[in-house]
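Here the sequence shown is numbered in the working numbering, starting from -7 and rising by one per residue. Beta carbons are placed, not taken as given, at the ideal position from N, Cα and C, and that holds for glycine. Values in this document were obtained by computation on a predicted structure and should not be read as measured data. Contents: one structure, followed by commentary.
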Amino acid sequence: MSFASLGLSEPLQRAVAAWHYEAPTPIQAAAIPAILRGRDVWGSAQTGSGKTAAFALPIVQKLAASQRPPGRFVSALILVPTRELATQVVESVRRYARYLPQPLKTLVAVGGLSINPQMMALGGGADLLVATPGRLLDLIDHNAVSLSEVSVLVLDEADRLLDLGFKAELDRIVAMLPARRQSLLFSATFPAEVEALASALLRDPVRIETPATAENTPEILQRVIEVDVPRRTQLLRHLVETHAWSGVLVFVATKYSTEHVAEKLGRAGIAAAALHGELSQGARTQALADLKAGKVKVLIATDLAARGIDIPKLPAVVNYDLPRSAVDYTHRIGRTGRAGEAGVAISFVSASTHAHFCLIEKLHGLALEREQIPGFEPRETEAPPPLVAPGGGGIKGRRKSKKDKIREVAARAVGEPLPVRVVPPRPPRPQARPGGERR
Ligand code: AMP
């Protein structure tokens, strides 16, 4: 199958050829003709499946053929959960629109940046706007943009939008859209809240479920290494030094840990950087660009970086701290093994987090082999006294935060299989001294 056979116009065929896309991925093959025909689409999109192009290519083609009314209007609105994903989506759109005879006006509106330049840019409207819900509402409240002429709405990573508590914002935004419009919803998982949103939003949608096949499923080797909590940084350093990874994304639980671990690795001569929500947008973009360019080898991040970010050829992800929910586990490990590349996802498990990891495994139907690395064998066999009361009352002396509750709901809602191909554990590894070559 070719992109031409899906009905894409010549300028778009040129763009995909320039990016060396040889053939459409399954979600592209199903979604592009449906979107071009004007149908609503409900897509279950595996991470790395090529879903951005699946909606961006036909939308660009439609925008190129239509006339935007003068004023503060936008024709296509793409809502995404994070600033990083917004930047990535708009970059893809611009890439695909490059060979159009008339340029499209494409903008991003995200929080964390001054609102004034975004308001100025929206003067005269835009053909396509990629936005996070909160900032879009701010812009609407400032009268900088009107949604009354939106002809296509995309909810990208709808599960994450709801997971991050954007339900009320989405309801407000949808109420401002014209009833006559095309709506597209993409999600990696389908908890009840996403199902409800889809039925409220979509009209007779084409449902596209891309089956997990070898072609569209990333090959992620999942490893679990037992290690005592105080030795994790040394183990991380050992792994980085003994593997020929070009880059590693390491997830930790707190902003403090991102900086602390990055600093320790830095002192050991490893190019490491921190990525968390309190950094300026410029610093966040720079950290990701440095990882992509190979200037930084290890990026230590909070869950902020877990979703939507596309780092081509990222060979490894490490869960230094375990994710809080099974859904977050899927999103984190999905940062590797993208675009047909194999990847490895390593989780550090200690006596105190063992039970939590078993729960994540159970929710995903996994049973992964536990490894110990010579020189880093755990000594702590007993979990320290629980911080969480047996009744599930959260951390002692602290009420459960809204985020904790959202994550609990998300963890309970996981019913879908993990959208990655699970590579069976390997035979026992050769015993090597710490610091020695393992491969
Ligand atoms: P996405 O799932 O949209 O995040 O895309 C994952 C990666 O696949 C991105 O780096 C895209 O540039 C790439 N990609 C998308 N479609 C294709 C295709 N048909 N052939 C090869 N690579 C693709």
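Compare the C-alpha of L283 against each of L296, Q273, L306, T294 and name the closest. L306
Contact belief for T250 with L267 at Cβ below 8 Å, rounded distance in angstroms: Right, their Cβ atoms sit about 6 Å apart.
Short of 6 Å in beta carbon distance, which residues of its chain neighbour P25, apart from the five on each side in sequence? Order them along the chain. L(-2), G(-1)
Would you list the residues sitting across from L241 in a DSSP beta bridge? L291, V309
How would you label K43, buried or exposed, when you count the other beta carbons within 10 angstroms and need 16 or more for buried? Residue burial annotation: K43 is buried, with at least 16 other C-beta atoms found within 10 angstroms of its C-beta.
Can you look up A110 in the DSSP assignment and give me helix, strand or coil? With the sequence shown as reference, residue 110 is identified as Gln, and Ala is not the correct amino acid for it. Helix.
Cα separation between I292 and K247? The C-alpha of K247 is placed about 9 Å away from the C-alpha of I292.
How about E201: is its Cβ closer than 6 Å to a heavy atom in ligand 3? With respect to small molecules bound, the structure shown includes ligand 1 and not ligand 3.
Tell me G40's beta-bridge partners as DSSP assigns them. Beta-bridge partners of G40 (DSSP): none assigned.
Check for me: the alpha helix (DSSP H) holding I70 runs from which residue to which? From DSSP, I70 is part of no alpha helix (DSSP H) but of the beta strand (DSSP E) over 66 to 71.
In whole angstroms, what is the alpha-carbon distance linking A260 and G326? 28 Å
Helix, strand or coil at Q423 according to DSSP, with G and I counted as helix: For Q423, the predicted model reports a pLDDT of 42, less than 50, meaning its position is unreliable and no value from the coordinates is stated.
Relative to the alpha-carbon of A171, which residue among V142, R362, L280 has its alpha-carbon at the smallest distance? V142
Can you tell me the Cα-Cα spacing of R31 and L128, whole angstroms? 25 Å
As assigned by DSSP and simplified to three states, the class of V81: helix
Rounded to whole angstroms, what is the Cα-Cα separation between E14 and Q20? 12 Å
State yes or no: is the C-beta of P73 nearer than 6 Å to some heavy atom of ligand 1? no
Nearest to Q53 by alpha carbon, out of A(-4), V72, F65? A(-4)
Do K287 and ligand 1 come close, with the Cβ less than 6 Å from some heavy atom? no
Helix, strand or coil for D119, going by three-state DSSP, please let me know. strand
I need the DSSP call for S58, collapsed to helix, strand or coil. coil
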